[in-house]
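Student:
There are 2 protein chains.
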Amino acid sequence: MDKPPPLVKDIGEQGLLEKLQSFCPREIIGDDGAVIPTHPDKDLVVTTDVLVDGVHFSDRTTTAFDVGWRAAAANLSDLAAMGAEPLAITVGLSLPGDVLVSWVEELYLGLTACLQQYHTPIVGGDICRSTVITVSITAMGQNLPHQVIRRSNAQVGDVIMITGWHGLSRAGLELLLHPEVGAELNDDERNLLIKAHQQPQPRLDVLPYLWELAPEQPIAGMDSSDGLADAIAQICHCSKVGAEIERSYLTSVPSLSKVVSTEKIEEWILYGGEDFELVLCLSLDNAQKLIAKLNGGAAIIGKIIPEPYIILLDNNNIHPPQILRLSKGFKHF
Amino acid sequence: MDKPPPLVKDIGEQGLLEKLQSFCPREIIGDDGAVIPTHPDKDLVVTTDVLVDGVHFSDRTTTAFDVGWRAAAANLSDLAAMGAEPLAITVGLSLPGDVLVSWVEELYLGLTACLQQYHTPIVGGDICRSTVITVSITAMGQNLPHQVIRRSNAQVGDVIMITGWHGLSRAGLELLLHPEVGAELNDDERNLLIKAHQQPQPRLDVLPYLWELAPEQPIAGMDSSDGLADAIAQICHCSKVGAEIERSYLTSVPSLSKVVSTEKIEEWILYGGEDFELVLCLSLDNAQKLIAKLNGGAAIIGKIIPEPYIILLDNNNIHPPQILRLSKGFKHF
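Protein chains in written order, with our numbering: chain F, 11 to 343; chain L, 11 to 343.
Here it is in structure tokens:
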């Protein structure tokens with residue numbers, strides 16, 4: 011008997027992506043956004059995200075305002091990850107007729123509240139009927155050609171620097187799903203974690219400091235939206251290098267220990283996802299200067315090595331050296 | 011009793027659009043695309059379209075290849091309507107896991123077949139799981155700032171010129187839905203009409219001829235994707251003018267009379283939709299020159315008048331003067 015023709019779920023998201031990438035120019039694949047040279051002095055950077063009700067958000071944990079905020083933040087974070095200054099976004103919205111008008115207005119309020127911080131307008135869109143709410147956002151930005159950050163630029167000898175704290179968004183989600191958790195948290199601590207999940211901030215603020223350093227070599231980096239471990243793995247994969255990560259440097263805010271056991275904290279830092287911080291590969295000197303400019307709101311967590319694996323070391327000798335487990339991330343199909 | 015809060019279907023597509031436009035910068039609303047000044051010498055033009063299975067396409071009349079082709083054509087046509095040369099598109103695709111992989115590949119083959127004619131790459135996208143196939147496309151183009159075509163630029167004294175033929179896409183749809191129709195058509199005629207529906211061509215080819223004329227005043231125009239009558243009405247509305255249309259100039263290909271009654275031909279020309287031709291308002295002199303450059307593949311059908319209505323005149327005195335009936339177009343909610 012003939013084998014039935016394969017369905018999307020048979021080959022999975024990765025399989026489908028690989029098939030579809032053959033329809034795109036090879037040089038633009040693999041980064042958070044696509045770079046289109048439009049002028050001798052500027053590049054256009056474009057990124058697209060689709061959010062589907064019941065997959066990416068649900069009324070249980072996310073208000074329409076926060077759906078909008080997070081969608082805007084995720085796209086602006088992709089631009090930050092490419093080193094690009096945002097220009098504008100478009101919104102393609104399909105939804106059932108029985109959605110509350112106020113839900114749609116709240117969605118747009120959330121979008122614009124996040125975007126206005128970066129003077130980024132919604133310049134267009136489309137609305138149409140569907141059986142499921144789907145929000146498709148395309149963000150456009152621009153940068154100087156030598157200021158494009160790419161996953162493939164990491165070089166042996168670079169240190170790996172991360173901005174901000176990781177694991178907070180995952181902790182915020184836990185508090186939303188299980189309000190009984192974290193009874194020892196004070197209000198400020200609880201709000202910080204929940205806000206990290208509901209209204210993350212893209213790290214566009216880092217870029218001016220980065221360019222001030224006038225780094226001599228192209229910078230490697232991406233955002234940690236799919237998790238810190240995933241970001242390190244993607245950079246290593248695209249740059250054909252490996253990484254040594256020092257576990258004792260994988261710290262987060264102290265309040266995390268009031269939400270989850272010590273053993274789990276590292277897991278949330280590495281695999282929690284949706285922290286929308288930047289993971290950059292720089293010379294030690296530039297990393298130290300950038301950390302100083304960010305008033306310490308960043309840290310070196312390891313370095314790029316030639317061997318093609320990611321190894322977790324432990325200065326404190328609590329754990330033996332360990333190859334980083336790579337989560338497969340969220341499976342769409 | 012309190013009135014229940016309004017749903018999207020209570021205020022309809024137009025009502026929702028009006029609410030959402032308040033979130034966009036006022037100067038960018040109302041055209042086929044948004045214009046973002048990025049450089050002293052160039053503008054970025056952006057347009058977004060969302061297509062939903064069961065609303066915009068169905069397996070009964072549209073193959074995946076044609077869904078892709080039409081989606082690309084519609085977006086490139088929006089760029090043509092703005093006077094912009096295409097740069098790239100992104101594709102946001104959400105779909106159920108039980109879609110055939112070959113369906114998705116055919117979709118991308120259709121997209122690229124149309125795009126490649128204009129050297130336009132797919133530079134990015136996103137795929138995710140959903141309960142309904144949704145294709146969201148954002149197209150980017152660029153033009154010189156003085157070459158932007160806008161709906162609001164029409165001036166009294168301009169003539170109204172249309173490219174190509176109208177009503178063909180509607181006739182093609184009829185042949186697909188009712189194969190028994192048009193028994194007198196020969197194969198070439200039938201294929202021409204069906205192809206007009208399945209694989210329309212954006213009129214980007216018109217732009218170089220248009221700029222060659224070096225028109226002194228800004229050009230008004232849009233595409234006729236939502237119907238020729240709608241295009242004229244939108245231009246008049248945005249330019250705060252009216253129009254006089256000469257019915258005897260509303261002609262189409264002769265084969266249309268083998269598909270539909272003479273009375274219906276005019277209706278299909280005016281309201282059929284999806285012909286993706288250009289409707290331009292130009293000086294008589296420039297319109298005549300452009301028609302010559304297009305080897306007659308264009309025609310003057312009327313002129314812009316100061317009175318705020320659209321009137322159909324009839325040189326042949328078959329019909330009395332008549333105010334153009336404005337179809338409300340496709341209602342999404």
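The C-beta atom is built at its ideal place from N, Cα and C for all residues, glycine as well.
Give the range of the beta strand (DSSP E) segment to which GLN152 (chain L) is assigned.
Tutor: Its beta strand (DSSP E) spans residues 144-153.
Student: Given that LYS29 (chain F) touches chain L, what residues does it touch there, using C-beta distances under 9 Å?
Tutor: VAL111, VAL114, GLU115, TYR118, listed in chain order.
Student: For LYS268 (chain F), which residues from the same chain have a beta carbon less than 6 Å from its beta carbon, with the 5 sequence-adjacent residues on both sides left out?
Tutor: Same-chain partners within the cutoff: GLY192, GLU194, LEU195.
Student: Please identify, using Cβ separations under 9 Å, the residues of the region 48-61 of chain F that lie next to chain L, in order along the chain.
Tutor: So the close ones are THR48, HIS49, ASP51, LYS52, LEU54, VAL56, THR57, THR58, ASP59, VAL60, LEU61.
Student: Need the endpoints of the alpha helix (DSSP H) that LEU202 (chain F) sits in, please.
Tutor: Note, LEU202 (chain F): alpha helix (DSSP H), 197-208.
Student: List the endpoints of the continuous alpha helix (DSSP H) containing GLY120 (chain F).
Tutor: Residues 111-126.
Student: Cα separation between ILE21 (chain F) and SER32 (chain L)?
Tutor: So the two alpha carbons sit approximately 43 Å from each other.
Student: What are the residues of the region 79-104 of chain F that lie near chain L, defined by any Cβ-Cβ distance shorter than 8 Å?
Tutor: Answer set for the region 79-104 of chain F: LEU97, ALA98, THR100, VAL101, GLY102, LEU103, SER104.
Student: When the Cα of ASP324 (chain F) is compared with those of F:LEU334, F:VAL60, F:ASP236, which residue comes out closest?
Tutor: Considering only alpha carbons, the answer is F:LEU334.
Student: Classify PHE286 (chain L) as helix, strand or coil using the three-state DSSP reduction.
Tutor: Note: PHE286 (chain L) maps to coil in three-state DSSP.
Student: Using CA atoms only, rank isn't needed, just tell me which of F:ASN327, F:GLN298, F:PRO318 is closest to ILE170 (chain F).
Tutor: Selected option, being the one with the closest Cα: F:GLN298.
Student: Thinking just about the alpha-carbon of each residue, which of L:ARG257, L:SER112, L:MET232 is nearest to the one in VAL216 (chain L)?
Tutor: Selected option, being the one with the closest Cα: L:MET232.
Student: CB VAL142 (chain F) to CB VAL109 (chain L), shorter than 7 Å?
Tutor: In this structure, VAL109 (chain L) does not lie closer than 7 Å to VAL142 (chain F) by Cβ.
Student: Classify PRO155 (chain L) as buried or exposed, calling it buried when 16 or more other Cβ atoms lie within 10 Å of its own Cβ.
Tutor: Exposed: under 16 other Cβ atoms inside 10 Å.
Student: Quick check: what's the CA-CA separation for GLY174 (chain F) versus ALA309 (chain F)?
Tutor: Near 8 Å, if we compare the C-alpha coordinates of ALA309 (chain F) and GLY174 (chain F).
Student: Cα separation between LYS338 (chain F) and PRO264 (chain L)?
Tutor: Here the model assigns LYS338 (chain F) a pLDDT of 49, short of 50, so the residue's position is not dependable and the matter cannot be decided.
Student: Quick check on DSSP: helix, strand or coil for GLN227 (chain L)?
Tutor: Looking at GLN227 (chain L) - three-state DSSP - the assignment turns out to be coil, as it is neither helix nor strand.
Student: Excluding sequence positions up to five away, which residues of its chain have a Cβ less than 7 Å from the Cβ of GLN157 (chain F)?
Tutor: Closer than 7 Å at Cβ, skipping near neighbours: GLY93, TRP221.
Student: Just list the alpha helix (DSSP H) runs in the region 294-329 of chain L, keeping only unbroken ones of 4 residues or longer that don't cross its boundaries, in chain order.
Tutor: Counting only runs of 4 or more, we get 294-303.
Student: Nearest-angstrom Cα distance between PRO47 (chain F) and GLU284 (chain F)?
Tutor: Whole-angstrom Cα-Cα distance: 29 Å.
Student: Closer than 8 Å by beta-carbon distance: list the chain L residues that pair up with ALA44 (chain F), in chain order.
Tutor: Chain L residues near ALA44 (chain F): ALA98, THR100, VAL133, GLY134.
Student: Residues of chain L with CB closer than 7 Å to the CB of CYS34 (chain F), please, in chain order.
Tutor: Residues of chain L passing the Cβ test: PRO131, ILE132, VAL133.
Student: For ARG139 (chain L), which residues in the same chain have their Cβ closer than 8 Å to its Cβ, ignoring the five residues on either side in sequence?
Tutor: Counting only Cβ-Cβ distances below 8 Å, and skipping sequence neighbours, we find SER104, LEU105, PRO106, GLY107.
Student: For ILE99 (chain L), which of helix, strand or coil comes out of DSSP?
Tutor: ILE99 (chain L): strand per DSSP, three-state reduction.
Student: List the whole-angstrom C-beta distance separating THR100 (chain L) from THR58 (chain F), where the pair is believed to meet the contact cut-off of C-beta under 8 Å.
Tutor: That pair is a contact at about 4 Å.
Student: With 7 Å as the C-beta to C-beta threshold (strictly closer), list the residues of the region 134-148 of chain L near chain F in chain order.
Tutor: Those residues of the region 134-148 of chain L that come within reach of chain F (Cβ to Cβ, closer than 7 Å) are GLY134, GLY135, ASP136, ILE137, CYS138, ARG139, SER140, THR141, VAL142, THR144, SER146, THR148.
Student: May I have the straight-line CA-CA distance separating PRO189 (chain L) from GLU115 (chain F), to the nearest angstrom?
Tutor: Each residue's alpha carbon lies about 45 Å from the other.
Student: Looking at C-alpha atoms only, which residue of L:PRO50, L:ALA74, L:TRP79 is the closest neighbour of GLN209 (chain L)?
Tutor: That would be L:TRP79, whose Cα lies nearest to the Cα of GLN209 (chain L).
Student: Does GLY182 (chain L) pass the burial test, meaning 16 or more other C-beta atoms within 10 Å, or should it be called exposed?
Tutor: Answer is buried; the Cβ neighbour count reaches 16.
Student: Can you list, in chain order, the residues of the region 231-255 of chain F whose Cβ is nearer than 8 Å to any Cβ on chain L?
Tutor: From the region 231-255 of chain F, no residue has a Cβ closer than 8 Å to chain L.
Student: Where ALA123 (chain F) and PRO14 (chain F) are concerned, what is the direct C-alpha to C-alpha distance, given to the nearest angstrom?
Tutor: Roughly 49 Å between the two C-alpha positions.
Student: In chain order, what residues of the same chain have a beta carbon less than 7 Å from the beta carbon of ALA98 (chain F), not counting five sequence neighbours either side?
Tutor: Closer than 7 Å at the Cβ level, and outside the excluded window around ALA98 (chain F), lie THR130, PRO131, VAL133, MET150.
Student: Looking at the strands, I want to know which residues DSSP matches up with MET171 (chain L).
Tutor: Its beta-bridge partners are L:LEU290, L:ILE310.
Student: Output needed for ILE328 (chain F): all residues of its chain with C-beta closer than 7 Å, excluding positions within five of it in sequence on either side, in chain order.
Tutor: None.
Student: Quick check on THR72 (chain F): does DSSP put it in helix, strand or coil?
Tutor: Looking at THR72 (chain F) - three-state DSSP - the assignment turns out to be coil, as it is neither helix nor strand.
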